[in-house]
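Heads up: the sequence shown begins at 3 in this note's numbering, then just goes up one per residue.
Shown next, in structure tokens, is the structure this report addresses.
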Amino acid sequence: MDTPLTTTFPTTAFLGLGAMGFPMAGHLAARSRETGGRTLVWNRTPARAAAHAAEFGSVAATLEEAAGADLIVSCLPTSAEVDGVLDAVRGHLKPGSVWVDCTSGHPDAAPEQRARLLEAGVRFLDAPVSGGTVAAKAGTLTVMVGGPAQEIEAVRPHLAFAGKLVRVGDTGAGFAVKAVNNALLAVNLWAAGEGLAILGLRGVELGAALDVINASSGRSNTTENLIPQRVLTRQFPATFGLGLLAKDAGIALDLAEQARGSAPVIAQVTALYRAASRVIGAQEDHTAALKLIEQWNGVELK
């Protein structure tokens, strides 16, 4: 593929304005204003794009219009949705542009998506993010990117939502790291929930127990932030769906099986989150998985 790589991106586009994508696209719009460019935004619900334009000064666009941008960033639920968008924009892409997919996608999908886009003269980078809605709003997300180093360096200055951007390997490596990272989140959250349920059954004050745990070797992001802010308060704000975490843990398990590796803890946790997704609800916040532990133990974590 001989199409030269674009290194300037006067027009950017953001596809998918969910809980993460909405603020991420806002940072792109702010960067565009600083550089004299513009940011197009698209969402399956047009009203969401219109709301973004009103708040951030972006331009609500059709999918076909967005596909003609110099830099395209997507943040969709799964690789299947990305494939559907690729089907829809065939013939509308701009040769030399770069597509950065921040979806928590499947590593097996990335090489196929890159190959499809290269046929149109477009580079593809798998670049999922971590940090949740708080980091998305602050513009401090961690971005793990798979793909050629030259292409990553070309887009690095333009991904205004990134606080830390790391090339983790070739195409598909970004998705792989994201899946394992989220599997570790699932393991930590579930283990902490079981431990607190045991303490609750013993009559221990859970807030005090967390003060000790968070000053000791058992601490993690789940004990320091997620459980105190979402579980003990009984708020469970829907920022990252339980079904999506079950999906990501499943991707990590796929990787282990493909490599003929041994990952019994991830296998067990994947099964637990799939069950929790069905019983508690796939659209509930991922921290609501602990409600299943509560049901099994007859204790409420509060």
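Beta carbons are placed, not taken as given, at the ideal position from N, Cα and C, and that holds for glycine.
Just so you know, these numbers come straight off a predicted model, no measurement behind them.
Classification of residue i by the beta-carbon crowding that lies within 10 angstroms, buried from 16 upward
i	result
Arg-33	buried
Gln-115	buried
Asp-250	buried
Pro-266	exposed
Pro-159	exposed
Trp-298	exposed
Asn-227	exposed
Pro-12	exposed
Thr-224	buried
Asp-287	buried
Val-281	exposed
Lys-293	buried
Three-state class that DSSP yields for residue i in the structure shown
i	result
Arg-236	coil
Lys-166	strand
Val-131	strand
Ala-274	The question names Ala, yet the displayed sequence has Leu at residue 274. Leu-274 falls in the helix class under three-state DSSP.
Leu-73	strand
Glu-207	coil
Val-301	coil
Leu-78	coil
Lys-96	coil
Ser-310	The chain is shown only over 3 to 304; residue 310 falls outside these bounds and no answer can be derived.
Arg-262	coil
Arg-50	helix
Gly-220	coil
Any non-hydrogen atom of the ligand HEM closer than 6 Å to residue i Cβ
i	result
Ala-53	No copy of the ligand HEM appears in this structure; indeed no ligand is present at all.
Distance, residue j Cα to residue i Cα
i	j	result
Ala-2	Glu-207	No answer is possible for residue 2: the residues shown for the chain start at 3 and end at 304.
Arg-276	Leu-244	9 Å
Leu-143	Pro-25	11 Å
Ala-269	Thr-5	43 Å
Cys-104	Trp-44	15 Å
Leu-201	Gly-220	14 Å
Gly-263	Pro-130	24 Å
Ser-99	Glu-67	14 Å
Pro-97	Val-61	22 Å
Gly-146	Gly-171	Correcting the residue identity first, residue 146 is Met in this sequence and not Gly. Their backbone Cα atoms lie some 9 Å apart in a straight line.
Val-113	Val-75	Val is not the amino acid found at residue 113; the sequence shown has Pro there. Taking the straight line from one Cα to the other gives about 17 Å.
Thr-64	Ala-56	16 Å
DSSP beta-bridge partners of residue i
i	result
Val-214	BP columns for Val-214 are empty, so no partner.
Asp-287	Gly-243
Ala-62	Val-43
Pro-171	According to the sequence shown, residue 171 is Gly rather than Pro. Answer by DSSP bridge pairing, in chain order: Gly-148.
Unbroken stretches of the beta strand (DSSP E), 3 residues or longer, contained in the region 6-45 | 13-17, 40-44
Could you name each continuous beta strand (DSSP E) segment of 3 residues or more that falls completely within the region 101-162, going from the start of the chain to the end?
-> 125-128, 143-148
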